[in-house]
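Start counting the sequence shown at 396; every next residue gets the next number (this note's numbering).
Even for Gly, the Cβ is constructed at its ideal location relative to N, Cα and C.
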Amino acid sequence: MSAYLVTGGAGFIGSNFVRHVLDHTDHTVTVLDKLTYAGNRASLDGLPEGRFTFVRGDICDAALVDELVADADVVVHFAAESHNDNSLRDPSPFLQTNLIGTYTLLEAVRRHETRYHHISTDEVYGDLELDDPAKFTEQTPYNPSSPYSSTKAGSDLLVRAWVRSFGVQATISNCSNNYGPYQHVEKFIPRQITNVLDGGRPKLYGKGENVRDWIHADDHSAAVLTIIEKGTIGETYLIGANGEKNNKEVVEAILTELGQPADAYDLVTDRAGHDLRYAIDATRLRAELGWEPRYSDFAAGLADTIAWYRDHESWWRPQKAATEAAYAAQNQ
Numbered sequence: 396m397s398a399y400l401v402t403g404g405a406g407f408i409g410s411n412f413v414r415h416v417l418d419h420t421d422h423t424v425t426v427l428d429k430l431t432y433a434g435n436r437a438s439l440d441g442l443p444e445g446r447f448t449f450v451r452g453d454i455c456d457a458a459l460v461d462e463l464v465a466d467a468d469v470v471v472h473f474a475a476e477s478h479n480d481n482s483l484r485d486p487s488p489f490l491q492t493n494l495i496g497t498y499t500l501l502e503a504v505r506r507h508e509t510r511y512h513h514i515s516t517d518e519v520y521g522d523l524e525l526d527d528p529a530k531f532t533e534q535t536p537y538n539p540s541s542p543y544s545s546t547k548a549g550s551d552l553l554v555r556a557w558v559r560s561f562g563v564q565a566t567i568s569n570c571s572n573n574y575g576p577y578q579h580v581e582k583f584i585p586r587q588i589t590n591v592l593d594g595g596r597p598k599l600y601g602k603g604e605n606v607r608d609w610i611h612a613d614d615h616s617a618a619v620l621t622i623i624e625k626g627t628i629g630e631t632y633l634i635g636a637n638g639e640k641n642n643k644e645v646v647e648a649i650l651t652e653l654g655q656p657a658d659a660y661d662l663v664t665d666r667a668g669h670d671l672r673y674a675i676d677a678t679r680l681r682a683e684l685g686w687e688p689r690y691s692d693f694a695a696g697l698a699d700t701i702a703w704y705r706d707h708e709s710w711w712r713p714q715k716a717a718t719e720a721a722y723a724a725q726n727q
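Rendered as structure tokens:
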């Protein structure tokens, strides 16, 4: 049994990981989360009190971070500012959280010689052409295109430097786009689902041609746990489930699953610098560590996700009005 410290554990992917660890291991979990708009304490409701502790705080708070890391065997760093649209409106929180926050954690795990896993994104690699057969690999050069992805790239490089310069026991994973329960309604899939559930219409940037490589959050969680248990210190692993879909296909699938005409959506102004296509080659993770996704069928995973949002309106309803007002102000 190990003591896990999970930063950002009240966020979308972090809360799914916390539940996965508690369901599939005998480890204990402490969550450190600032509870910004993207963190939701309700995402952790019902977890076993004897194995789970919640601490509200900032990863940039060096004293608090040091205290928590001192009691942990493993630190898993999910906490991040992660919404591209927000990074275009105000980059400053992304610099603080994604860079200074990661530095603060790295210094703490260095002092206490604690195992560290760093959660990152495929967006650090930039984008691919729509007709390019290539996929991102661990050797793809970084080419971030937004304040969000550039600060995540910077945090990855900090981890690599702390491994090489100070011997920190760390691994990194870069994952494709996640979907599943507990995702904030500002994000693409839950926004479209909740729009339809509200009797409205989904919104597509541009023509909806942008391609994302989708993976269910449960599969991401299983992959991270596999890397922590089996991965080689100092290495990076890419996590993906061969789930490439363009945004138009995803919206049409949501509408169809909810019994609406497949073309009942609106086109809105495209995002500045909107990346065309992401695609992950997870061969190394599969071949070396033996991980395989459980949700290999995107349609089935999407149907489960739609059912979750239909059944958990009390979770997403408090976020919805403010989210749509912010999008409306941007004509999106």
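Are the beta-carbon atoms belonging to residue i and residue j less than 7 Å from one another?
i	j	result
residue 635	residue 677	yes
residue 489	residue 546	yes
residue 701	residue 652	yes
residue 573	residue 617	no
residue 550	residue 497	yes
residue 424	residue 407	no
residue 710	residue 437	yes
residue 580	residue 429	no
residue 609	residue 473	no
residue 697	residue 660	no
residue 632	residue 568	yes
residue 675	residue 531	yes
residue 603	residue 637	no
residue 684	residue 625	yes
residue 397	residue 415	no
residue 657	residue 644	no
For residue i and residue j, which I take to be in contact (beta-carbon distance under 8 Å), what is that distance rounded to the nearest angstrom?
i	j	result
residue 673	residue 518	7 Å
residue 704	residue 585	6 Å
residue 540	residue 516	Not really, about 12 Å apart at Cβ, beyond 8 Å.
residue 480	residue 666	6 Å
residue 492	residue 467	Wrong, their Cβ atoms sit about 20 Å apart, outside the cutoff.
Residues in its own chain within less than 8 Å of residue i by CB, not counting five upstream and five downstream?
i	result
residue 459	427, 450, 452 and 453
residue 554	497, 501, 511, 513, 563, 565 and 567
residue 615	408, 411, 412, 570, 573 and 634
residue 718	579, 580, 581 and 586
residue 589	580, 704, 711 and 715
residue 720	none
residue 689	611, 613, 614 and 617
residue 695	none
residue 593	715
For residue i, which residues in the same chain have their Cβ closer than 7 Å to its Cβ, ignoring the five residues on either side in sequence?
i	result
residue 464	400, 470, 503, 504, 507 and 509
residue 591	597, 649, 650, 653 and 655
residue 668	540 and 541
residue 486	542
residue 529	523
residue 707	none
residue 630	566
residue 552	none
Going by beta carbon distance, what residues of the same chain come within less than 6 Å of residue i, once the five residues before and after it are set aside?
i	result
residue 548	519, 537 and 539
residue 686	618, 621 and 680
residue 482	489, 541, 542 and 543
residue 512	471, 566 and 623
residue 455	495, 496 and 499
residue 732	Residue 732 lies beyond the residue range present for the chain, which begins at 396 and ends at 727; the question has no answer from this structure.
residue 713	none
residue 607	572 and 673
residue 457	499
residue 434	405, 406 and 428
residue 662	599
residue 557	501 and 563
Looking at the ligand FMN, does it come within less than 6 Å of residue i, judged from the CB to the closest heavy atom?
i	result
residue 471	No copy of the ligand FMN appears in this structure; indeed no ligand is present at all.
- Runs of beta strand (DSSP E) lying entirely within the stretch 479-556, each at least 3 residues, in chain order: Segments of the beta strand (DSSP E) lying fully in the stretch 479-556: 510-516.
- Query: Which runs of the alpha helix (DSSP H), 4 residues or longer, sit entirely within the stretch 632-665?
  - Reply: Unbroken alpha helix (DSSP H) stretches of 4 residues or longer found wholly inside the stretch 632-665: 642-652, given in chain order.
- Message: Report the start-end ranges of each beta strand (DSSP E) in the stretch 550-626 that is 3 residues or longer and not cut off at the edges.
- Response: If one requires a minimum length of 3 residues, the beta strand (DSSP E) runs lying completely within the stretch 550-626 are 565-570, 572-574, 598-600 and 606-611, in chain order.
- Can you list, in chain order, the stretches of the alpha helix (DSSP H) that have 4 or more residues and sit fully within the stretch 407-483? Listed in chain order, the complete alpha helix (DSSP H) runs (minimum 4 residues) inside the stretch 407-483 are 407-419 and 457-465.
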